[in-house]
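Everything on this sheet refers to the single structure shown next.
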Amino acid sequence: MSYSFNYDLGKLPREFFRDVAKLVDKKDLHKKFGGLSKLIVKKFKVDETLGINSKDAISIVEDLTKVYVKNMIYAEDFKKAKSKILLLPHCCRKYIDFRCKAKFDPKYSSYSCTHCSEDCLANKATKLGESKGYRVFILAGGSCIIKILDKVKCDAVLGIGCTEELILGAKFIKSKNKIGKGLPLTKNGCLNTKFNIESLKKELV
C-alpha cells in the first residue's frame, strides 16, 4: 500500500531535510511530534511546494521522521550485520517496459538488473549495493518481500521506497528477526521514482 497522492521532495530545499533530522534528535519527540511536523510544513510551505493539502504534507514529514528514528535506533546493529540485502522498487527503473532487460526470477518474484542502461537509477543502485557485498533485488511489488525473506538467508535489509511502505515493511522485517533500515524515495509514483544516490552510498555500510 502506498500514498494516494504523489510528491517530489526534490522541490524542497536541503534545509527541509536538516530540520527533519533535528526533529529526530528531540528527546521529547513523542510529545511534540505532531506540533513540530506542522511547524516544518509551515516553514517550508511543503503543501504549496508539492501541490498537496496540509494534512498529506504533515503525514510525509511524520513518516520521514519515523523512518529516520528507526534508522538511528538500529544503526549500530545494522552496521555489524554480516549478510545484507538491498531491496529496490521496480518503479525506479529508467524503463518499465520491454526496453528494460532486467530478468524476472519467479523464485523470488523480483527482478535482477542486467545493467542495460548506464543512467538508470536501478542500475546505479545495484552496482553500488553489489560492490558493498549486498545481494540486490528489484521488487515487482511490496508483497515480494515476504517470498524473499522466506527464501534468502540474511541478517539485515536495506529497503528503498515511499515512507509509508518503508514503515509497513519495517514491521514485517522485525517479525522475521532481521534488522531493517529504510531510504525514502524523494519522488514517488508508479514510474520514474527517485531517491538520492549519495544518501544510498552513506546507508550501504
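Its first residue numbered -1, the sequence shown is counted upward by one per residue in my numbering. Note that CB positions come from ideal geometry on N, CA and C, so glycine has one too.
Per the coordinates, the alpha-carbon of A138 lies some 12 Å from the alpha-carbon of I146. Separation of K176 and I165 (C-alpha to C-alpha, rounded to the nearest whole angstrom) is 14 Å. Taken through DSSP and simplified to helix, strand or coil, V203 comes out as coil.
Distances from the alpha-carbon of D117 to those of S81, P11, Y93, S52 put Y93 closest. The residue among L84, M70, C142, A55 with its C-alpha nearest the C-alpha of K130 is L84. By DSSP's assignment, K101 forms a beta bridge with S110. Burial of L34 is indicated by the presence of at least 16 other C-beta atoms within 10 angstroms of its C-beta.
Contact between the region 184 to 200 and the region 167 to 175 is not established, with fewer than three Cβ pairs separated by less than 8 Å.
Distance from the CA of C188 to the CA of K77, rounded to the nearest whole angstrom, comes to 31 Å.
If you check the CB distance, G140 and L156 do not come in under 9 Å. For the pair of segments examined, the region 98 to 106 was found not to touch the region 55 to 74: the number of CB pairs separated by less than 8 Å stays below three. The alpha carbon of N4 has as its nearest neighbour, out of E13, S57, F42, R16, the alpha carbon of S57. The alpha helix (DSSP H) runs of length 4 or more contained entirely in the region 121 to 192 are, from start to end of the chain, 142 to 149, 161 to 173. For T47, the closest of A100, L62, Y72, L7 by C-alpha to C-alpha distance is L7.
According to DSSP, K82 shares a beta bridge with A154.
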